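Peer 1:
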Amino acid sequence: MTTQMDLKPAIPPLPGLHVLARNWWLLLLRGIAGIIFGVLAFVWPGITLLTLVIFYGAYALLDGIFAIGAAFRGGEAQSRWWLILIGILGIAAGLLTFLWPGITALVLALFIGVWSLVHGIFEIIGAIKIRKEIDNEWWLVLSGVLSVLFGLVMLIMPGAGALALVWVIGAYSIIFGALLVGFALRLKTHSHGSR
612 MTTQMDLKPA
622 IPPLPGLHVL
632 ARNWWLLLLR
642 GIAGIIFGVL
652 AFVWPGITLL
662 TLVIFYGAYA
672 LLDGIFAIGA
682 AFRGGEAQSR
692 WWLILIGILG
702 IAAGLLTFLW
712 PGITALVLAL
722 FIGVWSLVHG
732 IFEIIGAIKI
742 RKEIDNEWWL
752 VLSGVLSVLF
762 GLVMLIMPGA
772 GALALVWVIG
782 AYSIIFGALL
792 VGFALRLKTH
802 SHGSR
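Quick note, in the working numbering, the sequence shown goes up one by one and the last residue is 806.
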């Protein structure tokens with residue numbers, strides 16, 4: 612005879628996974644914002660650097676707000692600190708670009724590089740923490756690796772031309788956004804399956 616205790620997983624669920632699964636729609640919104648930002652970069656390839664800065668600032672600000680929103684919607688403090696850190700970095704990046712719109716392409720590239728590198732590292736750490744709780748955590752790992760690689764490229768070669776910078780950022784945003792959408796939909800399935 613099967614009891615309720617027999618149906619529990621052998622490994623206790625991670626509080627961070629519960630927070631992510633419950634807030635899957637915030638990850639979905641972050642992914643959609645990334646895709647929209649990336650598409651805009653390709654649709655308007657002759658975009659001026661100032662416009663790029665404004666688009667990037669809006670994207671980073673939204674991403675930061677969604678990350679902090681996910682962190683404060685539940686979970687223990689120890690399981691949500693990395694979301695808060697990512698959110699603070701995103702909001703700071705967005706505000707800096709609005710407060711300092713005359714930023715040069717070189718400084719913007721370095722700033723985006725650091726932000727992407729830190730973001731990617733925390734995504735990889737998060738994926739490692741939830742790997743026993745959810746199938747296909749590779750979405751988050753791949754997103755993190757992509758962010759780290761993108762950040763390194765931006766730090767190593769910040770002097771790329773403005774148009775190349777727009778296309779690289781656009782491609783990164785579309786791929787990153789698509790991976791976040793895929794991970795969010797996987798979390799949605801997990802959240803419905805764990806009820």
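Ideal Cβ placement from N, Cα and C applies to all residues, glycine included.
Please read these numbers as outputs of a predicted model, since none were measured by experiment.
Measure from the alpha carbon of F653 to the alpha carbon of each residue in W778, F761, Y670 and G788, then state which is nearest.
Peer 2: Mapped onto the sequence shown, residue 653 falls at position 42. Closest by alpha carbon: W778.
Peer 1: Can you tell me the Cα-Cα spacing of L717 and G701, whole angstroms?
Peer 2: Along the sequence shown, read from residue 1 onward, the residue named residue 717 stands at position 106. Along the sequence shown, read from residue 1 onward, the residue named residue 701 stands at position 90. Each residue's Cα considered, the two are about 19 Å apart.
Peer 1: Confirm, please, whether the CB-CB distance from A632 to L798 is below 8 Å.
Peer 2: Within the sequence shown, residue 798 is the residue found at index 187, counting from 1. Within the sequence shown, residue 632 is the residue found at index 21, counting from 1. Cβ distance < 8 Å, so L798 and A632 count as in contact.
Peer 1: So for W692, helix, strand or coil by DSSP?
Peer 2: Here residue 692 refers to the residue found at position 81 of the sequence shown. Three-state result, W692: helix.
Peer 1: The alpha helix (DSSP H) with I745 in it runs from where to where?
Peer 2: Here residue 745 corresponds to residue number 134 of the sequence shown, with the count starting at 1. Premise fails: I745 is in no alpha helix (DSSP H) and is neither H nor E.
Peer 1: Would you mind working out which of L728, V729 and A704 sits nearest L719, comparing C-alpha positions?
Peer 2: In the sequence shown, the residue the question calls residue 719 occupies position 108. Selected option, being the one with the closest Cα: A704.
Peer 1: Using the Cα positions of L721 and P769, report the straight-line distance between them to the nearest angstrom.
Peer 2: If you number the sequence shown from 1, residue 721 lands on position 110. If you number the sequence shown from 1, residue 769 lands on position 158. Their Cα atoms are separated by approximately 6 Å.
Peer 1: Buried or exposed: D746, going by 16 or more other Cβ atoms within 10 Å of its Cβ?
Peer 2: The count along the sequence shown starts at 1 and reaches residue 746 at position 135. When all chains shown are included, D746 counts as exposed.
Peer 1: Look up R684 in the DSSP assignment and say whether it is helix, strand or coil.
Peer 2: Indexing the sequence shown from 1 puts residue 684 at position 73. Three-state DSSP puts R684 in coil, outside helix and strand.
Peer 1: When you compare only the Cα positions, how much space is there between A681 and I735?
Peer 2: To locate residue 681, count along the sequence shown from 1; it is residue 70. To locate residue 735, count along the sequence shown from 1; it is residue 124. Rounded to the nearest angstrom, the two C-alpha atoms are 18 Å apart.
Peer 1: Here's the rule: buried if 16 or more other CB atoms are within 10 angstroms of the residue's CB, otherwise exposed. What is A775?
Peer 2: Residue 775 sits at position 164 when you count from the first residue of the sequence shown. Per the 10 Å Cβ criterion, exposed.
Peer 1: Among residues of its own chain, excluding the 5 on either side of G793, which ones have a beta-carbon nearer than 6 Å to its beta-carbon?
Peer 2: Translated into positions along the sequence shown, residue 793 becomes position 182. Within the same chain, G793 has close Cβ partners W750.
Peer 1: Identify which residue in E748, V756 and F787 has its Cα closest to the Cα of T800.
Peer 2: Along the sequence shown, read from residue 1 onward, the residue named residue 800 stands at position 189. T800 has its Cα closest to that of E748, out of E748, V756 and F787.
Peer 1: Do you know how far the Cα of G642 is from the Cα of G649?
Peer 2: Here residue 649 corresponds to residue number 38 of the sequence shown, with the count starting at 1. Here residue 642 corresponds to residue number 31 of the sequence shown, with the count starting at 1. C-alpha separation (whole angstroms): 11 Å.
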